[in-house]
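Have a look at the structure below before the remarks.
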Amino acid sequence: MDSLFLNILFVEHGLDTTEIAIGDNLLIYPWIRTIVRLNKCFVVLRNLPLRQLLEASKRLSSYVNYTINEKKESIWIAQREGRSKNSDDHTQETVLKMLTLSGNGNFIENIKQLNLIPTSISYEYDPCDYLKAQELHIRHDNPDYKKSEYEDLLSMETGIFGFKGRAHFEICTPLNNLITPEIEHLPKNECVKAVAELIDKQIHLNYRFYPNNYIAYDLLTHTNRFTDKYTEPEKTMFEAYISMQTNKIIRILNKDDAFLRTKMLEIYANPLINHLIALNG
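Its first residue numbered -10, the sequence shown is counted upward by one per residue in the numbering used here.
Shown next, in the form of structure tokens:
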């Protein structure tokens, strides 16, 4: 949905739409494959054996480089394999390494050729919040738990049609403008880590916050730090919303309501927590 909203904004402003990287775990049925290909999507293969994964990563890297540098098209690609379940989003260094596999230069030279631009996305409500909290609870009880295709489809359907409230997209400072000579001369692994941190800081600094985020932070930390950002009726309404969403969780026999409430609050508080860390970083 993030990429679809962004492309709608591009169309409204007379800009070309982007191609979209989508994980094969979402392509459960043939009709889904057809729809995504009609919308300029290309498939990212996941959960492959190591050798096949390396080969697929090289092909993907080559396609990304070809699309950007030869076709002169933009690409939307996630910073990690799916959004984190608790909204504590950080760039996976393996994604950055994959993007540079097909280049002819060093890591920095290859990453600069892609002209990466971080984008910060903020929704007032996450319609999948209770599904994420449920999965965190199940994984807490069973670390070997694997999601079914039905669960992936339910998450996709809920994410598309569920209520999100207000939404904000912030196009951040291009990465090439942030890479310093000091970063360029770091050893490769340190360089990759530093670039990932640059991307994260841009995203975290540019979040847009709503009363829910401030309320969740205060409830999670048992403080009144942000009481000037919301009203008591807003707090009451949000607490009722958290209870309503938690009550939708019916797959767990021995529900730990306190655990689920904490995870629900983290979903809304973590973007603000990361923002505060970025401000002080």
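Positions of the beta carbon are idealized from the N, C-alpha and C atoms, including for glycine.
Supposed close pair residue i, residue j - CB separation, criterion 8 Å
| i | j | result |
| --- | --- | --- |
| Thr108 | Cys161 | 6 Å |
| Ala183 | Leu85 | Not quite, the Cβ-Cβ distance comes to about 10 Å (not below 8 Å), so this is no contact. |
| Cys30 | Ile97 | Rounded, the Cβ-Cβ distance is 29 Å, inconsistent with contact. |
| Met87 | Ser50 | 6 Å |
| Ile204 | Phe227 | 5 Å |
| Pro77 | Asn259 | In the sequence as presented, Pro is not what sits at residue 77; that position holds Asp. About 5 Å; that satisfies the 8 Å criterion. |
| Asp245 | Thr235 | That belief does not hold up - the Cβ atoms of Asp245 and Thr235 are roughly 11 Å apart, past 8 Å. |
Nearest residue (CA-CA) to residue i, options the options
| i | options | result |
| --- | --- | --- |
| Lys136 | Asn54, Gly270 and Ile17 | Ile17 |
| Lys237 | Pro170, Tyr134, Met253 and Pro132 | Met253 |
| Asn243 | Ile192, Ala45 and His126 | His126 |
| Thr312 | Asn269, Glu146, Lys61 and Ala229 | Since the first and last residues shown for the chain are -10 and 270, residue 312 lies out of range. |
| Leu142 | Gly12, Gln102, His2 and Gly270 | Gly12 |
| Asn75 | Asp118, Thr216, Ile231 and Glu140 | Asp118 |
| Tyr230 | Tyr257, Thr212 and Glu140 | Tyr257 |
Spatial distance of residue i from residue j (CA atoms)
| i | j | result |
| --- | --- | --- |
| Arg155 | Asn93 | 43 Å |
| Asn195 | Ile188 | 11 Å |
| Glu255 | Asn(-4) | 29 Å |
| Leu27 | Leu265 | 40 Å |
| Lys153 | Thr220 | 20 Å |
| Leu15 | Leu37 | 15 Å |
| Tyr134 | Phe(-1) | 39 Å |
| Ile149 | Pro170 | 42 Å |
| Pro132 | Leu4 | 44 Å |
| Arg250 | Thr147 | 20 Å |
| Glu59 | Val32 | 19 Å |
| Thr89 | Asn166 | 18 Å |
| Gln41 | Thr83 | 16 Å |
| Met(-10) | Thr210 | 31 Å |
| Glu159 | Ile106 | 10 Å |
| Glu271 | Leu39 | Past the edges of the chain, shown from -10 to 270, lies residue 271, and the structure says nothing about it. |
| Asn54 | Gln102 | 8 Å |
| Tyr206 | Tyr52 | 41 Å |
| Lys224 | Ile168 | 41 Å |
| Asn178 | Ser73 | 23 Å |
| Phe248 | Glu44 | 41 Å |
| Thr216 | Met233 | 23 Å |
| His2 | Trp20 | 30 Å |
Pair within 8 Å by beta-carbon distance, residue i and residue j
| i | j | result |
| --- | --- | --- |
| Ala10 | Ile100 | no |
| Gln68 | Arg240 | no |
| Asn104 | Pro163 | yes |
| Pro176 | Gly151 | no |
| His157 | Arg197 | yes |
| Glu70 | Arg22 | no |
| Ser292 | Lys47 | Nothing about residue 292 can be read from this structure; the chain reaches only from -10 to 270. |
| His193 | Ala267 | yes |
Neighbourhood of residue i by C-beta, 6 Å cutoff - its chain only, sequence neighbours within 5 removed
| i | result |
| --- | --- |
| Gly(-8) | Here residue -8 is Ser; the residue named in the question, Gly, does not match the sequence. Result list for Ser(-8): Ile9 and Trp65, in chain order. |
| Leu208 | Leu254 |
| Ser63 | Thr7 |
| Val25 | Ile11 |
| Arg128 | Tyr134 |
| Phe(-6) | none |
Proximal residues to residue i (C-beta, below 7 Å), its chain only, five neighbours per side dropped
| i | result |
| --- | --- |
| Lys218 | Pro200 and Tyr203 |
| Thr56 | Glu8, Glu62 and Ile64 |
| Lys190 | Ala267 and Gly270 |
| Ser144 | Cys117 and Leu120 |
8 Å Cβ shell around residue i - same chain, five flanking residues per side excluded
| i | result |
| --- | --- |
| Glu113 | Lys153, Gly154, Arg155, Ala156, Tyr199 and Asn201 |
| Ile172 | Ile97, Cys180, Ala183, Val184 and Leu187 |
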